[in-house]
């Protein structure tokens, strides 16, 4: 059983969804895990934000009789909350809260998580009435937790943020101290011993209106060895969803958000999303703010991030004729891919996305559209003509000509292959989950290379976290030059569950051998 537990904990970091499902099923086999092992597995899945697997494991553990362990139920509830299953999480957490005494070690966590549940309800609410109701409930639960233990800094800072949000939104609450008062009390209790303390201090100073201290604390937070991609992602979400720092595209908040996103993308498994408007407003970002947070690396990180956002302008959404986004595509100069294609622009995506015969649910060219969005929100939509394709079980690529030709710069293709020793980084840009058009950057280590002999496609294998909808997008090296066409991981030839990209040079070589054909 220890081997199964260890395998799941390792898999939380690198396995694809299907492989992780298998690991969850294996870990629930008889004999059942111990309570310590159960908590360790759930914690690993939470820390790596694998919430779908966390929900499956938590459900299985409760069915195995772990319902009397508050830690197990609480971690399962965390998975439910992050999956948007708020009602189920509320039933579970209120049941725990009713069973445990005031002195129980888990009590503060449970009360705080009830606050987190209603805070998420506030974020997801679609009507003013629902937002106000959720905001009041979140304040109530965080307030109870803070009243019972004023040393609990994480519930205190969330209480301060929500009180400040209620004041900004004009939401009337029952008599309570202000967000500034709570923030001051939280700041006084911090020892500044770990990354979380620095993040909490920055947020407290935000509530107190001390922008200089916010920047100084964020600088120490970003530099702390305990500041992981997962911690940074949580800080960004709080600053955006509750504090609204990203609402002003040219102000202090937007500069702070951009600095943290730049820091996040330098972390293993970091991922950040930008709207096209944010990508187009880089000239208005305050460089002094970025340098204050990122230190001496600030200017270089900023220049590097702007270059990545510029590459995003060459990335498009693949849509059905009815407007639904299904995948990603990107522009290249034809001659960079294969010399015979000349100077004109071509567009590349997966064959399992667009296929001349519409095989395996792929779009036929006449049913597909390629859509670019400008920073001002204007769209250009293009019909497609298939020039060449290779089946999904081979290079999984379709080369397109767009009508009308887009007024965009192509992605440059790297002259050298990236390092595949586990130290080199690659970055995927795509439009995930068919939502509003955005530039979604994901970073991870390039783990290995396979194939490339004869007509076999050369495949890059990487840990870059991607979502449904990234298929057909570009994968870049650390200099923002394109190296691969992203496709979904294929478990039959990738037992480690890593994502795959098909080398652009490999695709170009096949096009050169076969020549461009129509249909």
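Numbering (our numbering), first residue to last: -9 to 509. All C-beta atoms, glycine included, are put in the ideal place defined by N, C-alpha and C. Quantities reported herein were computed from a predicted structural model and do not represent experimental measurements.
Residue 161 sits in coil when the DSSP states are folded into three classes, being neither helix nor strand. If one requires a minimum length of 3 residues, the beta strand (DSSP E) runs lying completely within the segment 299 to 353 are 305 to 310, 315 to 323 and 335 to 339, in chain order. When rounded, the separation of the alpha-carbon atoms in residue 267 and residue 364 is 8 Å.
In this structure, residue 32 lies away from residue 18, with their beta-carbon atoms at least 8 Å apart. By the Cβ neighbour-count rule, residue 158 is exposed, with fewer than 16 other Cβ atoms within 10 Å of its own. Contact between the segment 189 to 205 and the segment 162 to 173 is present, with at least three C-beta pairs closer than 8 Å. Below 8 Å, too few C-beta pairs join the segment 242 to 258 and the segment 175 to 185 to call them touching: fewer than three. Under the 10 Å beta carbon count, residue 446 is surrounded by fewer than 16 other beta carbons and is classified as exposed. A residue is called buried once 16 or more other Cβ atoms fall within 10 Å of its Cβ, and residue 141, having fewer, is exposed. Looking at the DSSP output, residue 491 bridges to 450 and 476.
By the criterion of a C-beta distance shorter than 7 Å, residue 236 is surrounded in its chain by 230, 243, 244 and 247, once the five residues flanking it on both sides are discounted. With contacts defined by Cβ atoms closer than 8 Å, residue 436 and residue 417 do not form a contacting pair. By the beta-carbon neighbour count (other beta carbons within 10 angstroms, threshold 16), residue 219 is buried. In this structure, the beta-carbon distance from residue 344 to residue 355 falls below 8 Å. In the DSSP assignment, residue 378 falls within the unbroken beta strand (DSSP E) covering 369 to 380. Pairing residue 166 with residue 451, the inter-Cα distance amounts to about 54 Å.
Taking all protein chains shown into account, residue 461 has 16 or more neighbouring C-beta atoms within 10 Å of its C-beta and is therefore buried.
Using a 10 angstroms sphere on the CB of residue 77, the tally of other CB atoms stays under 16, which defines it as exposed.
Cβ neighbours of residue 127 within its own chain (closer than 6 Å, five residues either side excluded): 108. Nearest neighbour of residue 373 by Cα position, chosen from 188, 307 and 8, turns out to be 307. Straight-line measurement puts the Cα of residue 161 at about 10 Å from the Cα of residue 119.
DSSP places residue 117 outside both helix and strand once states are collapsed to three, so it counts as coil. With 16 or more neighbouring CB atoms inside 10 Å of its own CB, residue 61 falls in the buried class.
For residue 375, the CB contacts under 6 Å within the same chain, skipping 5 residues up- and downstream, are 391 in chain order. Counting along the chain, residue 415 sits inside the beta strand (DSSP E) bounded by residues 415 to 420. Annotated three-state conformation of residue 263 is strand, per DSSP.
Residue pairing by DSSP places residue 466 opposite 417 and 472 in a beta bridge.
One Cα belongs to residue 341, the other to residue 298, and the distance between them is close to 26 Å.
For residue 20, there is no enclosing beta strand (DSSP E), as DSSP gives it neither H nor E.
Bridge partners of residue 363 according to DSSP: 369. When rounded, the separation of the alpha-carbon atoms in residue 326 and residue 402 is 8 Å.
When Cβ pairs closer than 8 Å are counted between the two stretches, the segment 81 to 93 is seen not to touch the segment 207 to 222, the count staying below three. Taking all protein chains shown into account, residue 433 has 16 or more neighbouring C-beta atoms within 10 Å of its C-beta and is therefore buried. Excluding the 5 residues flanking it on each side, residue 338 has same chain C-beta neighbours closer than 7 Å at 319, 320, 322, 387, 389 and 475, in chain order.
Counted as a single uninterrupted DSSP element, the beta strand (DSSP E) harbouring residue 387 occupies residues 387 to 393. Boundaries of the alpha helix (DSSP H) around residue 84: 76 to 89.
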